[in-house]
Each structure stands twice: as C-alpha cells, then as structure tokens.
C-alpha cells in the first residue's frame, strides 16, 4: 500500500476460515430503511385543507387527490420492495470485495498482491503480525523500486509494524537509511518478487484454498 499499514491486516478478518460469508441481510436492511423514509415523506404530503368548513364528505374529497397519489406511490414502491426481497432470497452468499478507496499509487502493488493471496488461502498470511511494506508489482510478480521509501519506513515504525518489506532493487544508500530507521523497532527484509515475500511470511508454504489448514 502507499501507506505502511499492512493490506494483510485489512484482509485478515475476511480470509479467516471461521468468518462466515456475508449474506444479503445488510442490503435488505438498507432497502427497508430507504423504503420507510420514502413512504414517510410521501405521507407528509397528505394535508387537510386550511378551510375545513362544510360537510365531512367535502373535506375528504379535497384530500382525496393527495391520498390517491400516496396510495399509487405506495403500490409502486411496495412492488419494488417485494421484488427486491424476492431477488435477495435467491442469493446464498455475497462475495467479499477489496476496498481500494485508501490505495493510491503504484507503490501499493506488493502489499495489495499479498492481500489477494491472503484472501485466496486459509488462515492469516501475516500470522497475526503487523506487516508493512512497499513496492510496485509487475505482471510477472517482480517487485520494483519506489520513491520516498525512508518516509514510509518511519511511518511504519510509528504505526508499530514488526516487519517491513521493501524492494530488493532499493539503492544501497536507502537500505542503510532503512536499517538505521528500523533498528530496535522492526525487522526489514528485501524482496525481489511477490514469491519472496510469501516465503518470508509463510516459510512452510501456503495452505491451499479449502484445505482448512
């Protein structure tokens, strides 16, 4: 990620074997809330006439257009509400997605790739550790250099990371600065490919999807 917070930590809850897949309940609740608000707003438009003199029948006739409009709107919205619930009853589960809102720049490539791997395997790839890192990612899995690596390392230290992964192509001067920043705070490891990073995080190998280990 462009910031040092581990994408693995963000994905950890969703990749755990004990965490059930989400269902449609939340979107149903949102739909119910929207429908309730819409019907309330429509009902507020039914107003008694300011001058209510005369027989009750005449007063009701004046309110009738608003009442009929409300009933028609109620029927239309109710139809959409019923159709929505019929549709979601057919949904067995909802696939979890990735939140890209806080990711900016190519330096997020390495950590985002590891987050994807973490989601596709059981358990926690980071073994419940605070892992930070940076580096671009190429289609073949190669990790490329990025700018501002020392600033990212300082931010990782401040955030409490225990491990910082950085591109193996980082200059010798920057590697020396990384060591000084991380000394006594966190381990730093160079990676040339995403496979190198996986071997550091899972030295015994990755569990296969659905293996339960």
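In our numbering, the protein residues as written are 3 to 215. The beta-carbon is built from N, C-alpha and C at its ideal position, and this holds for glycine as well.
Starting from residue i, trace the beta strand (DSSP E) both ways and give me its first and last residue.
i	result
residue 67	Segment 58-90 is the alpha helix (DSSP H) holding residue 67; no beta strand (DSSP E) there.
residue 167	165-169
residue 135	133-135
So what's residue i in DSSP terms, helix, strand or just coil?
i	result
residue 205	coil
residue 198	helix
residue 48	coil
residue 192	strand
residue 140	coil
residue 181	helix
residue 146	strand
residue 30	helix
residue 173	coil
residue 127	coil
residue 35	helix
How long is the line joining the alpha carbons of residue i and residue j, rounded to whole angstroms?
i	j	result
residue 138	residue 144	8 Å
residue 189	residue 164	6 Å
residue 195	residue 147	11 Å
residue 184	residue 122	31 Å
residue 151	residue 29	41 Å
residue 140	residue 155	22 Å
residue 125	residue 71	55 Å
residue 201	residue 116	11 Å
residue 34	residue 83	8 Å
residue 113	residue 40	43 Å
Who are the Cβ neighbours of residue i in its own chain at under 6 Å, not counting the five residues just before and after it?
i	result
residue 36	none
residue 167	135, 191, 193 and 199
Identify the continuous alpha helix (DSSP H) that holds residue i and give its terminal residues.
i	result
residue 155	151-161
residue 120	111-122
At a threshold of 7 Å, does residue i count as lining the ligand HEM (C-beta to nearest heavy atom)?
i	result
residue 138	In terms of ligand content, the structure shown is empty, and the ligand HEM therefore cannot be addressed.
Please list, in chain order, all residues of the same chain as residue i whose beta carbon is under 8 Å from its beta carbon, the five residues on each side excluded.
i	result
residue 131	164 and 165
Once the 5 residues before and after residue i are set aside, which same chain residues still bring their CB inside 7 Å of it?
i	result
residue 1	No statement about residue 1 is possible, as the shown extent of the chain runs from 3 to 215 and does not include it.
residue 181	190
Using a Cβ-Cβ distance cut-off of 8 Å, determine whether residue i contacts chain D.
i	result
residue 110	No chain D is present in this structure, which holds just one protein chain.
query: Should the segment 194-211 be regarded as contacting the segment 172-183, the criterion being three or more beta carbon pairs within less than 8 Å?
result: Counting C-beta pairs closer than 8 Å gives fewer than three between the segment 194-211 and the segment 172-183, which falls short of the contact rule.
query: Contact between the segment 151-163 and the segment 66-83: three or more CB pairs below 8 Å?
result: Too few Cβ pairs lie closer than 8 Å, so no.
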